[in-house]
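Colleague: In the working numbering, the protein residues as written are -2 to 61. Even glycine gets a Cβ: it sits at the ideal position worked out from N, Cα and C. Below you will find the structure I want to go over with you.
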């Protein structure tokens, strides 16, 4: 596994953990934690962007 793919998986795992942490208060009858929900969304967006970059090999400038 390359470093880029490992980074994608780590961002995705962090996103999932943040979503779980955001939804734990819902089990107790309270509202979801907005901070963890927001950070999970940010990490998910970063994971998607990193996955697209890793798939296209975006290390250098585009070919002319």
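Between which residues of its own chain and residue 51 is the CB-CB distance below 7 angstroms, once the five residues before and five after are set aside?
Modeller: Within the same chain, residue 51 has close Cβ partners 1, 2, 5.
Colleague: If you compare alpha carbons, which of 46, 25, 44, 12 is closest to residue 32?
Modeller: Comparing Cα positions, the closest option is 12.
Colleague: When the Cα of residue 10 is compared with those of 45, 25, 49, which residue comes out closest?
Modeller: Minimum Cα distance to residue 10 is reached at 45.
Colleague: In angstroms with no decimal places, state the Cα-to-Cα distance between residue 34 and residue 7.
Modeller: Approximately 17 angstroms between the Cα atoms of the pair.
Colleague: With a 10 Å radius around its C-beta and 16 neighbouring C-beta atoms as the bar for buried, classify residue 37 as buried or exposed.
Modeller: With 16 or more other Cβ atoms within 10 Å, it is buried.
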